[in-house]
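First the structure, in the form of structure tokens, and then the observations on it.
Protein chains: 4
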Amino acid sequence: MKELNVALIGCGFMGKAHSNAWRSVRLFFPEAAAYPRLKVICGAPEEDVQAYADTYGWEEAANDWAATVARDDIDIVDIVTPGKLHAPIAMAAAESGKAISCEKPLANTLEDAEKMVEAAEKAGVINLASFNYRRVPAIALAKQLIEEGFLGRVFHWRAQYLQDWIVDPSFPLVWRLQKSEAGSGALGDIGAHITDLAYYLCGPVTEVTGHMETFIKERPVLADVTGGLSAKAGQGMGKVDVDDASIWLAKFDNGAIGTFEATRFAPGGLNKNCWEINGEHGSIRFNLERLTELEVFSRKDPAYVQGWKTIQVSQEDQPYMSAYWPGGHHIGWEHSFVNSVHDLLEAVANETEMRPTFRDGLYVQKVLAAVEASNESRQWERVV
Amino acid sequence: MKELNVALIGCGFMGKAHSNAWRSVRLFFPEAAAYPRLKVICGAPEEDVQAYADTYGWEEAANDWAATVARDDIDIVDIVTPGKLHAPIAMAAAESGKAISCEKPLANTLEDAEKMVEAAEKAGVINLASFNYRRVPAIALAKQLIEEGFLGRVFHWRAQYLQDWIVDPSFPLVWRLQKSEAGSGALGDIGAHITDLAYYLCGPVTEVTGHMETFIKERPVLADVTGGLSAKAGQGMGKVDVDDASIWLAKFDNGAIGTFEATRFAPGGLNKNCWEINGEHGSIRFNLERLTELEVFSRKDPAYVQGWKTIQVSQEDQPYMSAYWPGGHHIGWEHSFVNSVHDLLEAVANETEMRPTFRDGLYVQKVLAAVEASNESRQWERVV
Amino acid sequence: MKELNVALIGCGFMGKAHSNAWRSVRLFFPEAAAYPRLKVICGAPEEDVQAYADTYGWEEAANDWAATVARDDIDIVDIVTPGKLHAPIAMAAAESGKAISCEKPLANTLEDAEKMVEAAEKAGVINLASFNYRRVPAIALAKQLIEEGFLGRVFHWRAQYLQDWIVDPSFPLVWRLQKSEAGSGALGDIGAHITDLAYYLCGPVTEVTGHMETFIKERPVLADVTGGLSAKAGQGMGKVDVDDASIWLAKFDNGAIGTFEATRFAPGGLNKNCWEINGEHGSIRFNLERLTELEVFSRKDPAYVQGWKTIQVSQEDQPYMSAYWPGGHHIGWEHSFVNSVHDLLEAVANETEMRPTFRDGLYVQKVLAAVEASNESRQWERVV
Amino acid sequence: MKELNVALIGCGFMGKAHSNAWRSVRLFFPEAAAYPRLKVICGAPEEDVQAYADTYGWEEAANDWAATVARDDIDIVDIVTPGKLHAPIAMAAAESGKAISCEKPLANTLEDAEKMVEAAEKAGVINLASFNYRRVPAIALAKQLIEEGFLGRVFHWRAQYLQDWIVDPSFPLVWRLQKSEAGSGALGDIGAHITDLAYYLCGPVTEVTGHMETFIKERPVLADVTGGLSAKAGQGMGKVDVDDASIWLAKFDNGAIGTFEATRFAPGGLNKNCWEINGEHGSIRFNLERLTELEVFSRKDPAYVQGWKTIQVSQEDQPYMSAYWPGGHHIGWEHSFVNSVHDLLEAVANETEMRPTFRDGLYVQKVLAAVEASNESRQWERVV
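Protein chains in written order, with our numbering: chain S, 90 to 473; chain Z, 90 to 473; chain C, 90 to 473; chain R, 90 to 473.
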């Protein structure tokens, strides 16, 4: 069993989620080809990073990402910074020959994303666009069922990612509501997830038509730099220049048609990433708010006993679940990251590809760009 | 208590549903301003109509709709024929000064629908476009909550009407799959319902962009003229020239945005007319497959106990429910028609307006026409 | 197709439910062996009965049950009076050779119930103990699945009948809360239903141990004689001498064990008659508050896709459902009575037995009597 | 922030769950009064323990529990061995003045449990009976609501703990199915959990009547010593001398009545620990298979909008949840242990009591003993 040294670049919400995954993976996957050593966490400001290192269990704290990714003793660079920094860090890491994991969305611009793909592919390093939901066990089971032919020809994809954290107009202008920082709003943040899942489960989209809406056009400026859910409002108002909600229609390469909705204005949706696929032999649906359940409908059952079946995904013969607890002892959202880092460790140790790659992440960016173009042109736009 | 004489024109699926409503309304609403007398049912062929009269409880059977609607002893004409006949019958009934109920969609063409509106308004008769779902008690409760301010400003409307009865490609080419008979496919048949509900609960739509899809382009011709779910395939194939599924986006006059989906290709949806509205104070959702439940989410509850609440709509202080059984003894789909004919009897007896009127039905037709136009133009289209 | 003349004895809540069933059955079952003629409704006081006859659609109103059941032109006597009158009416009807339907519970005392069985069996007339829930289509489907071997050996029965209509201590002392009128409280009223369902689906019970509780021991006396949910409190208090709730354990003849709970003190349960059966091959469960759904779990599915499946019981190849509407257009509680009177018409026309018979109803009484005995003895009691 | 040294005694399923909790607690609760140092894990055989130490992150491996609990550098002894060893280890740890956590059930015999209470109370050490479900956030929220008066007077408690892992008669005779090892079957294993929850949420039980059943009386002996869910059958059959299922009724000190069911023979229940409480103002229910949801019903809502509300327990103003992720990012079963060790660290650092204590655990044993006595006597038995 190999030991692989990891450097984590970034300390925010995703820093916590990834640290927890790196810390926990060996306990759950003792038979893996490799286990990680939490070598160094890198961020700013200096004094905070040491606190994160202590709390999250990293051996060292660092402030200079360039120096960190260049270290000879690092095998894997895990990037969880804001989107603006993804490209420079990833390109440097590629140049240093490191395996790379990069949080979604891959980059704030298509250009950056393309450079990252080029750099990683040229360097021949493992490059993971960290769309963690692919490794929620229920979604992995859906993928398995689809590959087994459960759906047959697909007719419909329908996905909604519903949140409600900015419904209150007094919620301040955090960085996620500013185009210069975040690129886009609901579209790039959560729309990216359902776009990746559509691609994963239903294949490429060829055309889209969409609409982006900003319901609350001005908000109080921030009282200070913190930007989480408990952000405080300061004096004065500022302009919201990203979308509060985006909705779009799509045509898939396989002939299916799809509807997508990403919004931060749906009270009752906390983190409701849900989708349904309808095919000739049956249907499958999922809701992240019940992430250990998968619902399936089979037209192959006798007609008088057809119905939606709720599968508890918590049992050893389901994807990833032999790593955890006996059936009915459920895992949580964070375990999608544990599964991801496990698969990454395997890929690095065995030198195999791991998807979604940067190229897959670039594809997602292209779909979102087509939605933005359509919002301008008020017409269908091709994904190119 | 008045007695009002009813003539039913048509004997199909809707003929059964309306007959049942007329038969049952007095038992459930003994205090109403009027009760109906089931005077005459009119249809073809002659021998069948007598059987329907016997089974459904009509005093007389007739074959000539023109003569029937002209009878002096008829107060209400209830039209449940195929769409092609709506306009001539309704116009004749208006001219005879009868109160009119007409099944949805109002007509197969915009022109016909406009003529019907004109005739009814000129005659000054009560004219009901029979969108029965407005009178499902749970939906009536939703309307009441919205009027009480439960939602406040509305952000999102999202509706799906999912069926699956023609997924099998060997299902034959019934009249509902032919443009000449049905006007359109899923769009006009079930899309009309969610369009009316959006209008009822969320107000007028100003613009749409949509896509119509025919997944199975050819089907076996019919073995005989019957066209129900148990239709039999004959020799040879014919072209399906209506939509199997339609999806569209919409902008509402009140600033909300909406997604719509009407399909006959969603296994697991038998008759899943479901919708959700998100507003600044909360959300409401409904699913016809659990028609006695309404789900609501209130942002006014303290944060630590917010959640979706499932209201059983079966109690005497909820719309229409004092007519039926004690709480928890649920009614069914058919009672939406009982409620409709009750309200119609009240309107006729009291000479008050009843909605949705033909003009409301015409509005629904205009929205659907804009979806069809958008499907051609591949752009957003205004509803005019 | 035969015409059979019906006399209904009683005008209350059940009078409305049965009238509706008799009125509607021909429309839904036009191919049945017989249809009913609503000949006479019999009750008191005289002036009210005529109003019921008008509203519910009976040809005649009568006040003398003895004369009514003796009429030569009556084929079926349907008894929906309070329990005290069941025995005399049923015995007279049997003597007159009429087919008899009698509401549950069969009688207020075991002695009365035994006399009824004897009289009906001696007369050789069809005698139905009207436990309507056996003819809820979802429950009929459960029975069918059990007979097909879906469960195999049965381990557990667990049933709850939860209501909440007397939680408020100011609700007055209606007749259902008085032993002299009602025999018992929750036990005989709703406990009888789950006892019959256990017998129907799981077979005979051999032993029980139980507890009966009266939470509110005194209540305001009634302001007047009406006793429905909207009863008004008068001056003074009276003693509640029936059970508010009863709970019991049971052993079945087939080796299964069971838990039962009948209560009027469970907020959130309006009419929640729910049960689950666990067997070696799978499980089945039902909840009357979603009466068109049946949930099943099969151990024969591959382990990785096992789960509870929710079957919509609304389709033509499910019990009784070809009589109604296309799939997904749901029926309600009242249709259990439509199905019952249909089956009764068939039985009378074809001279076949119909269950549950009075003897089945007597069996239910015996189980409830054993629960009452156990509540006294604080020990297990055999059902004899 | 203090550092506290922990010794874990035992390496099985619970050893994994507790190790994970000790490893993770600092990351989730960085502000706690203390954090743990995973000093030593103790078990057998020797070579395996080292592997567990490596995998689970303990600094040392040990084989001698007596020497381990006596070490001066240990602050907390965490006991996760089979039940037989609980008493000797806990008593030694108490004598050494260590804070103690002991897995449920507290001991295999009442005598042992009483000695443990005496030893711990005499030594004045913190003593936790580790019923982890009290610290599932949704259950902690239920407790909070009850203390806020949400229920008022309580009428009913109803709990079921449903599993199905031994339905197959070829599943072998693992230690959990042998009285000499496990004390009892479903009763002590899972019945203990619902007994503790009833005590926690509804208060003490005064009397019980129950029945214990063994459906499969003989099973194949084990092929080897392992005893998990993937145990293999060997040659020959052995006697099952514990209960497959236990059911009982109870009277509570507060006047409520209760039903309990613990079974390993309920297909469709993987780990379905579910309960409902009905009180004068409302009801609360929970199901461990959806452990991040709590359902509540309030009679204080206006009647026309009353209903069961599903609260997602994933938000920062709900018990324990500020430690984890933003709302809608759900935690899992294992986090009940993280919360437990956090509270234990707080209690040890602050020298405050922590419940459930050994005395609470003893109380649970007494209730279960009364159920066993009742199963013999066939009468109600008092809890003494």
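Glycine included, C-beta positions come from ideal geometry on N, C-alpha and C.
Let's see if you can read the secondary structure: which residues bound the beta strand (DSSP E) around residue i?
| i | result |
| --- | --- |
| residue 145/Z | Counting along the chain, residue 145/Z falls outside any beta strand (DSSP E), though it belongs to the alpha helix (DSSP H) covering 135-145. |
| residue 401/Z | 397-401 |
| residue 425/C | Unbroken run through residue 425/C is the alpha helix (DSSP H), 424-439; no beta strand (DSSP E). |
| residue 295/S | 294-302 |
| residue 340/Z | 334-341 |
| residue 464/Z | Where residue 464/Z is concerned, there is no enclosing beta strand (DSSP E), although the alpha helix (DSSP H) it sits in stretches over 447-466. |
| residue 309/S | 307-311 |
So, under 8 Å CB-CB, residue i and residue j are touching, yes? Tell me the CB distance rounded to an integer number of Å.
| i | j | result |
| --- | --- | --- |
| residue 414/S | residue 422/R | 6 Å |
| residue 152/S | residue 429/S | Wrong, their Cβ atoms sit about 26 Å apart, outside the cutoff. |
| residue 368/R | residue 447/R | The pair is not a contact, with the Cβ atoms about 30 Å apart (cut-off 8 Å). |
| residue 329/R | residue 266/R | 5 Å |
With distances taken from CA atoms, which of the options is nearest residue i?
| i | options | result |
| --- | --- | --- |
| residue 309/S | 255/S, 404/S and 358/S | 255/S |
| residue 370/Z | 237/Z, 463/Z, 294/Z and 281/Z | 237/Z |
| residue 91/S | 124/S, 97/S, 104/S and 120/S | 124/S |
| residue 288/C | 162/C, 156/C and 340/C | 340/C |
| residue 120/Z | 140/C, 127/C, 102/C and 120/C | 140/C |
| residue 417/C | 409/C, 403/C and 176/C | 403/C |
| residue 282/R | 166/R, 218/R, 263/R and 231/R | 218/R |
| residue 337/C | 461/R, 353/R and 468/R | 468/R |
| residue 250/Z | 351/Z, 212/Z and 209/Z | 351/Z |
Which same chain residues end up closer than 6 Å to residue i when comparing Cβ atoms and leaving out the 5 residues on each side of it in sequence?
| i | result |
| --- | --- |
| residue 397/C | 384 and 386 |
| residue 438/S | 91, 122 and 123 |
| residue 230/C | 383, 402, 407 and 408 |
| residue 374/R | 365 and 384 |
| residue 357/R | none |
| residue 159/C | 185 |
Quick check on the DSSP output: the alpha helix (DSSP H) that includes residue i runs from which residue to which?
| i | result |
| --- | --- |
| residue 235/C | 226-236 |
| residue 116/C | 102-117 |
| residue 324/C | Where residue 324/C is concerned, there is no enclosing alpha helix (DSSP H), although the beta strand (DSSP E) it sits in stretches over 322-328. |
| residue 184/S | 175-184 |
What residues in its chain sit with their C-beta under 7 Å from that of residue i, if we drop five residues either side in the sequence?
| i | result |
| --- | --- |
| residue 277/S | 194, 271 and 457 |
| residue 427/R | 110, 113, 114 and 117 |
| residue 154/R | 98, 131 and 178 |
| residue 227/C | 375, 380, 381, 382, 383 and 402 |
Leaving out five residues before and five after residue i in sequence, what residues of the same chain have Cβ atoms less than 8 Å from its Cβ?
| i | result |
| --- | --- |
| residue 138/Z | 100, 130, 131, 132, 150, 151 and 152 |
| residue 168/C | 98, 99, 174, 175, 178, 179, 182, 189, 190, 191 and 192 |
| residue 291/C | 243, 246, 341, 343, 345, 347 and 366 |
Does at least one heavy atom of the ligand COA sit under 7 Å from the Cβ of residue i?
| i | result |
| --- | --- |
| residue 108/R | In the structure on display, the ligand COA does not appear, and there are no ligands present to speak of. |
Quick one: which residues of the region 393-404 of chain C get their C-beta closer than 8 Å to a C-beta of chain S? List them in chain order. 393, 394, 395, 396, 397, 398, 399, 400, 401 and 404
Taking beta-carbon pairs under 8 Å, can you tell me which members of the region 266-298 of chain C lie near chain R? 298
For the region 349-360 of chain R, list every residue whose C-beta sits within 7 Å of some C-beta in chain C, in sequence order. 350, 352, 354, 355, 356 and 357
Given a limit of 7 Å on CB to CB distance, which residues of the region 170-199 of chain R reach chain C? none
Mind listing which residues of the region 427-460 of chain R have their C-beta closer than 9 Å to chain Z's C-betas, in chain order? none
Chain R contacts made by the region 213-231 of chain Z, where a contact means CB separation under 9 Å: 230
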